[in-house]
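If you're matching positions, the sequence shown starts at 1478 in the working numbering and goes up one per residue. Glycine included, every Cβ here is placed at the ideal spot set by N, Cα and C. One structure is given here, and the rest of the page talks about it.
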Amino acid sequence: MIGQTARRFLTAPALRRGLCSDSSRVQSAHQVFAALTKNRPVFRITKPVEVIREPSVFFKGLLRGIAQAKARIVLSSLYLGSDEPELVSALDRALAANQALRVDILLDCLRGTRSDSRGQSSATLLAPLVRKYGDERVRVAMYHTPALNGISKRVWPQRYNETFGLQHIKAYVFDDELIVSGANLSRDYFTNRQDRYLRIGESGLASYFVELVRAIASFSFILGSERNLAMPVGVPDPSRDPREFVAVANSVMTGFLGRAQAENSVTGDNIDEADTLAIPTVQMSQLGITQDEEHMREFFHITDTYARLHGCRNLMASAYFNFSDFHKHNVLRSSSRWDLLVASPRANGFFTASGISRYIPDMYSIIEHEFLKSARTCGRPDIAVEEYYRDGWTFHGKGVWCYLDQKSPQLTMIGSPNYGYRSIYCDLETQITLIPGTAGSQLREDLHQEALSLLSHSEMVTEAGLEKRIRGAPLWLYGLKPFILKKM
């Protein structure tokens, strides 16, 4: 059943008041978004893309992929939950059954070595696999941000030191199959933490992510069999020599992205309108890589230009209402209609936190209120904010759905970015822009139903409602806003 929020999204006109529609010059999605394919790797997707909606199905897909893989498994995540031995057992069985199988795992060093109350961490779970099968078959890489170094490295405690920067890429490869998501590898992400997930069976795209993970691993700490961590030979320690580390990492990534583009470029002459196109982009600002930021800037420009003539509406989701100034500015100035979908306070991962973290949902409500006030000042009543709430669930979904018409999305973006300050300036991120071709009507419908499903658990909030909600917030919370905006 379609809820009120989904119904409003379906029926709201795509053309803003005061703009003139020119239907005589409507272009195909490939033509409209042609600029997004320039200077970036582009992959043609010839097999059906599966839109996964439920975390339990995502988990079953991971287990099936591990069990069926013959040559390669690549898991890239922020961390592996210390309460998640089932995945490790599945990897153990797969490695034992197939001597040709190689496993590459990429995690964040700070998050992956943070211990729980039992002294367990991602590193303690995975070290036995390295010990049993050797580092030639099992390679666990742990990326460490160069921003945490010197005195800061010694002073900042676990958990809080993660605010300096993280490995945030989420991609899961099993031979020639890729699952791209924003979900981490822990129990809540497999049960009641809503995210987004696409399964894509395209060998070239899968290989891109394999090589991306291995490129990052080449300048990351490598986990040894005794839980020891060591940098690859010749690579500086990012916490001791951050400047030299950045130079090495930038050289590796610049080379990887250059090769990926050269080997997977397309032109208007060799694009078939029936093709579904996948464009992966990477953001590593601390390492001097800003590909995804440039990609998003081009996307905002394209949709703004198109909307002036034909109308356009977009849905952008994030786990938190902490959009960067770059994203908020482009939404407010755009000629497109925008709906922003975020977690309600009760569906926020920090809602049950202790200490100062329990106030973070209130901080996001304050930021939401200020944004809607700005939208009103800018004369943008067509911009709406929806909050996701599902009893017993939290929300971690992120991405973009772009509707050039009133029927189904002609483009989606999916991956790890939350479209906040950290996504641009602190963390390692990647997302895929998927443009269905004329033969992709089922994919467009599936993406549309995915958006409606998320909106069916959502409710639109108003400036007045948010003002009432934040009325009792402590005054000192406002002083923390600059920190929250840049660190959470």
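Simplified DSSP assignment, three categories, for residue i
i       : result
Glu1561 : coil
Gln1760 : strand
Gln1671 : strand
Val1687 : helix
Ile1961 : helix
Thr1601 : helix
Thr1780 : helix
Phe1419 : This structure cannot speak to residue 1419, because the chain is shown only from 1478 to 1965.
Ile1628 : helix
Arg1591 : coil
Ala1544 : helix
Thr1753 : strand
Arg1608 : helix
Gly1869 : coil
Gln1576 : coil
Tyr1797 : coil
Val1615 : strand
Gly1681 : helix
Ser1702 : coil
Val1877 : strand
Gln1644 : strand
Ile1837 : helix
Bounding residues of the beta strand (DSSP E) (the contiguous stretch that carries residue i)
i       : result
Met1890 : Leu1888 to Gly1892
Tyr1865 : Ala1861 to Tyr1865
Arg1549 : Arg1549 to Ser1553
Arg1579 : Arg1579 to Asp1585
Arg1899 : Taken as a continuous stretch (DSSP letters only), Arg1899 belongs to no beta strand (DSSP E), being part of the alpha helix (DSSP H) at Tyr1898 to Tyr1902.
Gln1908 : Glu1906 to Ile1912
First through last residue of the alpha helix (DSSP H) which encompasses residue i
i       : result
Arg1736 : Pro1719 to Glu1740
Gln1919 : Ser1918 to Leu1932
Trp1953 : Leu1952 to Gly1956
Val1509 : Ala1506 to Val1509
Asn1807 : Asp1802 to Arg1810
Alpha carbon of residue i to alpha carbon of residue j, nearest angstrom
i       : j       : result
Val1938 : Ala1512 : 35 Å
Phe1586 : Leu1675 : One detail in the question is off: residue 1586 reads as Cys in this sequence, not Phe. Distance between the alpha carbons of Cys1586 and Leu1675 is about 26 Å.
Glu1750 : Thr1482 : 33 Å
Phe1686 : Phe1777 : 26 Å
Glu1775 : Gln1671 : 29 Å
Gly1596 : Gln1635 : 13 Å
Leu1929 : Ala1683 : 28 Å
Ser1553 : Leu1583 : 5 Å
Glu1936 : Ala1548 : 45 Å
Phe1486 : Lys1524 : 30 Å
Leu1625 : Tyr1902 : 14 Å
Thr1601 : Gly1642 : 22 Å
Leu1540 : Phe1651 : 10 Å
Tyr1898 : Asp1802 : 8 Å
Leu1578 : Ile1656 : 19 Å
Thr1780 : Val1509 : 9 Å
Val1759 : Gln1908 : 7 Å
Ala1755 : Tyr1836 : 39 Å
Gln1763 : Leu1962 : 17 Å
Arg1823 : Thr1871 : 7 Å
Glu1531 : Val1615 : 29 Å
Lys1609 : Pro1709 : 21 Å
Leu1952 : Leu1943 : 16 Å
Ser1812 : Ser1885 : 19 Å
Ala1820 : Glu1906 : 20 Å
Residues that DSSP places opposite residue i in a beta bridge
i       : result
Ile1844 : DSSP output for Ile1844 lists no bridge partner at all.
Gly1942 : None, per the DSSP bridge assignment.
Glu1527 : Arg1676
Asp1653 : Partner(s): none; Asp1653 has no beta bridge.
Leu1662 : Leu1557
Phe1520 : Ala1755
Trp1815 : Asn1791
Arg1785 : Arg1785 pairs with nothing; no bridge assigned.
Met1937 : Glu1863
Tyr1620 : Asp1585
Ile1766 : Met1761
Ala1820 : Tyr1865
beta-carbon residue i near the ligand ADP non-hydrogen atom, thresh 7 Å
i       : result
Leu1572 : Questions concerning the ligand ADP fall outside what the structure shown contains, since it holds no ligand whatsoever.
Worksheet entry | Inter-stretch contact at 8 Å, needing at least 3 Cβ pairs: the stretch 1641 to 1652 / the stretch 1732 to 1745 | no
Worksheet item: Within the chosen definition, does the stretch 1560 to 1572 reach the stretch 1530 to 1545 through at least 3 CB pairs nearer than 8 Å?
Response: yes
Item to complete: Specify whether the stretch 1791 to 1798 and the stretch 1863 to 1879 touch according to this definition: at least 3 beta carbon pairs, one from each stretch, less than 8 Å apart.
Response: yes
Worksheet entry | Sufficient close CB pairs (3 or more, under 8 Å) joining the stretch 1883 to 1896 to the stretch 1843 to 1850 | no
Discussion item. Between the stretch 1710 to 1729 and the stretch 1689 to 1698, can you find at least three pairs of beta-carbon atoms closer than 8 Å?
Written reply: yes
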